[in-house]
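Chains R and W supply the protein sequences, listed in that same order.
Mapped onto UniProt numbering, the consecutive letters of the first sequence carry residue numbers 1 to 249.
Mapped onto UniProt numbering, the consecutive letters of the second sequence carry residue numbers 1 to 249.
Yeah, the Cβ is synthetic: ideal placement off N, Cα and C, and Gly gets one too.
2 protein chains.
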Amino acid sequence: MNATIETILNHKSIRKFKEKKLTDQQIETLVKSAQAASTSSYIQAYSIIGVKDEQKKEQLAEIAGGQSYVANNGHFFVFCADLYRHEKIGEWESGDVIPSIESTEKFMVALIDAALAAQNAAVAAESMGLGICYIGGIRNDLYAVSELLNLPERVVPLFGLAVGYPDKETDVKPRLPYRHVYHEDSYQSQEVEMKKELDEYNEIVSSYYKERTNGKRSDSWTGQMAKMLTNRHRMYMKEFVEGKGFNKR
Amino acid sequence: MNATIETILNHKSIRKFKEKKLTDQQIETLVKSAQAASTSSYIQAYSIIGVKDEQKKEQLAEIAGGQSYVANNGHFFVFCADLYRHEKIGEWESGDVIPSIESTEKFMVALIDAALAAQNAAVAAESMGLGICYIGGIRNDLYAVSELLNLPERVVPLFGLAVGYPDKETDVKPRLPYRHVYHEDSYQSQEVEMKKELDEYNEIVSSYYKERTNGKRSDSWTGQMAKMLTNRHRMYMKEFVEGKGFNKR
């Protein structure tokens, strides 16, 4: 196993960082790593906002539900789907790009582009001995995030990425069984088989939590999922992204 | 610069592979690398289909617009947004998960999860000396792809990933100017500044193409974008993803 794969397999989210800030050169390395990712038809449909302003970081932490590591870290990035510059290009080159820009296809392209870029930054950071945590919590209120970061139309903030020097290590969290996620030639959707695999996985996840909480937390994966998904979360999202000019047709 | 960052910055899409197939162990390393990526609230909302069947690969190549490297490679993956197992979990645990599963928020989560996973697989592959190419072309006809791979409801194929031993090297393609993609504390959307940056970028991109085609191709980035976006491409996507039970509310 080479060092890169070791880094990748050793990933765990870090939720407590030392006070030390990233240097501008480290930030540049991470952003350039992000930019090196593949991009659909060269579209590069994303932007990255780095937040240094402490007050803005505090506000983002509050939006994310009071996650202190959104404010306290080495650097905080917000990855955004971005077709704003593409709209401008349409104006400059007199092309009717709006129906395309507003399509669900291009919404998907922008999300995938941004996520590929972010994961490059995440892996690059971890290879440098830094820790990372994705922050979906900023999606609690994207109206507020957009105002805070001065985002124009055609830009949708997707998630944050907190990066910094780890102050508290965590453990690698067990993933779904290999055969449950990876199918060959044809999707295997037999319910009995699926249930059996998930029952086994539940035991692994339960042990993981029990071991780490002195037996206090006994949570299964399916139980966690059912609970989370029963909760109707961020149901304003459709309206928000359409309002920003994405995912409309 | 460490080896991981070197791998990341050296990325280029490979469109011609040697005939040699990946071993099952290599495939497993790539899938496990994919699974190690961060996942929103532990949801793991994706599946990966590995295609070995030569006939299916030929059909996928045709769907992708006749891209031969979809059929001829070391291995071909299809990454899918997947909330099928989560729907089943709702049934088993008697939770009303459907409104949540059908939300735009969870559509975004599934796309981002799948893309983070894919990029881990891509970086892992490149660290092993393999080449990769993302294949958005499968989105030309996701009805056909879904049938071919036997995908149930709540599963949307997003893109392919061709992996293999490079037979023809390409060059690293120049990315958008750093300051155009990376903003600090506030999005910089001054049109004059943007135009200036893109004019400079156009010159870099034009030189890149000219050098590689003996002066035959003189294409600017903004010209390419305007042309691509004027073309209304894959406008069936909204209907397709809604039909699969995503992005509905």
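Reference residue i, options the options, closest by Cα
i: residue 99(R); options: 234(W), 49(W), 244(W) and 52(W); result: 234(W)
i: residue 66(R); options: 40(R), 184(R) and 135(R); result: 135(R)
i: residue 32(R); options: 195(R), 245(R) and 116(R); result: 116(R)
i: residue 29(W); options: 178(R), 241(R), 91(R) and 236(R); result: 178(R)
i: residue 166(R); options: 13(R), 131(R) and 126(R); result: 131(R)
i: residue 202(W); options: 224(W), 157(W), 85(W) and 181(W); result: 224(W)
i: residue 256(W); options: 41(R), 124(R), 34(R) and 93(R); result: No information on residue 256(W) is available, as it lies outside the stretch 1 to 249 that chain W covers here.
i: residue 13(W); options: 240(R), 34(R) and 38(R); result: 38(R)
i: residue 9(R); options: 24(R), 87(R) and 171(R); result: 171(R)
i: residue 54(R); options: 89(W), 138(W), 184(W) and 147(W); result: 184(W)
i: residue 257(W); options: 231(R), 44(R), 240(R) and 239(R); result: No information on residue 257(W) is available, as it lies outside the stretch 1 to 249 that chain W covers here.
i: residue 143(W); options: 241(W), 42(W), 19(W) and 5(W); result: 241(W)
i: residue 176(W); options: 86(R), 175(R), 3(R) and 218(R); result: 86(R)
i: residue 156(W); options: 34(W), 24(W) and 243(W); result: 243(W)
i: residue 164(R); options: 148(R), 129(R) and 43(R); result: 129(R)
Other residues of its chain near residue i: CB distance less than 7 Å, five sequence neighbours each side excluded
i: residue 46(R); result: 79, 80, 81, 82, 110, 113, 114 and 117
i: residue 69(R); result: 15, 16, 17, 133 and 162
i: residue 141(R); result: 63
i: residue 27(R); result: 50 and 75
i: residue 222(W); result: 198 and 202
i: residue 104(R); result: 247
i: residue 138(R); result: 60, 63, 64, 78, 145, 157, 159 and 160
i: residue 191(W); result: none
Own chain residues within Cβ distance below 8 Å of residue i, not counting five before or after
i: residue 102(W); result: 245, 246, 247, 248 and 249
i: residue 238(R); result: 247
i: residue 193(R); result: none
i: residue 218(R); result: 206, 209 and 210
Proximity of residue i and residue j at Cβ, strictly below 8 Å
i: residue 36(R); j: residue 11(W); result: yes
i: residue 49(R); j: residue 187(W); result: yes
i: residue 51(R); j: residue 76(R); result: yes
i: residue 208(R); j: residue 168(R); result: no
i: residue 95(W); j: residue 61(R); result: no
i: residue 108(R); j: residue 158(W); result: yes
i: residue 205(R); j: residue 189(R); result: no
i: residue 40(W); j: residue 5(R); result: no
i: residue 3(W); j: residue 3(R); result: yes
i: residue 56(W); j: residue 148(W); result: yes
i: residue 92(W); j: residue 106(R); result: no
i: residue 119(R); j: residue 44(W); result: no
Cβ-based neighbour list, residue i, same chain, cut-off 6 Å, excluding 5 preceding and 5 following
i: residue 21(R); result: 74
i: residue 180(W); result: 197
i: residue 58(W); result: 71
i: residue 154(R); result: 83, 84, 87 and 245
i: residue 25(W); result: none
i: residue 7(R); result: 126 and 127
Paired residues, beta bridge with residue i - DSSP
i: residue 182(W); result: 48(R)
Neighbour list for residue i in chain C, Cβ cutoff strictly below 7 Å
i: residue 86(W); result: The question asks about chain C, but that chain is absent: this structure's protein chains are R and W.
Residue i CB to nearest heavy atom of the ligand MN below 7 Å
i: residue 36(R); result: Looking for the ligand MN in the displayed structure turns up nothing, as the structure carries no ligands at all.
Complete runs of the beta strand (DSSP E) confined to the UniProt domain "Nitroreductase" (9-165) of chain W [at least 3 residues]: Counting only runs of 3 or more, we get 46-51, 75-82, 131-135 and 155-164.
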